[in-house]
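Visitor:
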Amino acid sequence: MATRRIPASVELHPLFKRIAQFVRIEKYDRDGGHSKPRIRIEVATTMMPPNLIREMLKAEVQCVRCGQPIHPFRARTKGSSDRTELPRHVYVAVACPLDVNIGCSRGKAAKEAYIAIEEAVENA
Ligand SMILES: [Zn+2]
Numbered sequence: 460m461a462t463r464r465i466p467a468s469v470e471l472h473p474l475f476k477r478i479a480q481f482v483r484i485e486k487y488d489r490d491g492g493h494s495k496p497r498i499r500i501e502v503a504t505t506m507m508p509p510n511l512i513r514e515m516l517k518a519e520v521q522c523v524r525c526g527q528p529i530h531p532f533r534a535r536t537k538g539s540s541d542r543t544e545l546p547r548h549v550y551v552a553v554a555c556p557l558d559v560n561i562g563c564s565r566g567k568a569a570k571e572a573y574i575a576i577e578e579a580v581e582n583a
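Okay, here's the thing in structure tokens:
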């Protein structure tokens with residue numbers, strides 16, 4: 460039986476080393492206050508080679524909470540006017556989408572995963 464090995468989190472994915480330089484960490488203190496700052500992780504696709512964007516969108520890692528395979532790089536909006544049809548805005552997710560499992564993206568595991576990504580980007 461062929462088992463696909465899926466990395467446990469996005470910063471452990473082999474592609475991450477090539478993507479880290481395009482990753483932008485955005486913090487929103489005003490939403491949750493200093494004790495619970497919201498972190499949003501965006502990928503600046505404008506400077507990325509198209510092949511890397513396509514590879515990135517196909518990448519799979521495990522959900523940090525339930526272990527199901529997820530796509531950590533998700534298009535925020537489709538680049539419909541763009542002939543290449545590559546998304547302009549991509550964000551990093553660490554858990555199942557809300558419509559798959561509402562509990563996964565909330566809670567401690569997801570929060571810790573965002574911090575791990577932040578550290579991996581800083582050390583890249
Ligand atoms: Zn999950």
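Numbering-wise (our numbering), the sequence shown opens with residue 460 and increments by one. Ideal Cβ positions, reconstructed from N, Cα and C, are used throughout, including at glycine.
(1) When DSSP labels each residue in this structure, what does Ala-513 get in the three-state scheme?
(2) Using 6 angstroms as the cut-off, classify the Cβ of Arg-533 as near or not near the heavy atoms of ligand 1, replying yes or no.
(3) Would you kindly report the start and end of the unbroken beta strand (DSSP E) that includes Arg-497?
(4) Considering only residues of the same chain and omitting the five flanking positions on each side of Ala-467, which have a CB-CB separation below 6 angstroms?
(5) Counting by C-beta, which residues lie closer than 6 angstroms to a heavy atom of ligand 1, in chain order?
(6) Would you kindly report the start and end of the unbroken alpha helix (DSSP H) that includes Arg-477?
(7) According to DSSP, what are the bridge partners of Val-549?
(8) What whole-angstrom Cβ distance do Ile-529 and Ala-552 have, given they're in contact under 8 angstroms?
(9) According to the Cβ coordinates, are Cys-563 and Arg-533 closer than 7 angstroms?
(10) Does the distance from the C-beta atom of Val-469 to that of Pro-556 stay below 7 angstroms?
(11) Pick out whichever of Glu-501, Ile-465, Pro-473, Pro-509 has its Cα sitting closest to the Cα of Lys-486.
Guide: Short version:
(1) Per the sequence shown, residue 513 should be read as Arg rather than Ala. The answer is helix: DSSP assigns Arg-513 an H, G or I state.
(2) Taking 6 angstroms as the cut-off, the C-beta of Arg-533 does not count as close to any heavy atom of ligand 1.
(3) 497-503
(4) Gln-521
(5) Taken from the N-terminal end onward, the list reads Cys-522, Arg-524, Cys-525, Gln-527, Ala-554, Cys-555, Asn-560, Cys-563.
(6) 475-478
(7) Val-502, Ala-534
(8) 7 angstroms
(9) no
(10) no
(11) Glu-501
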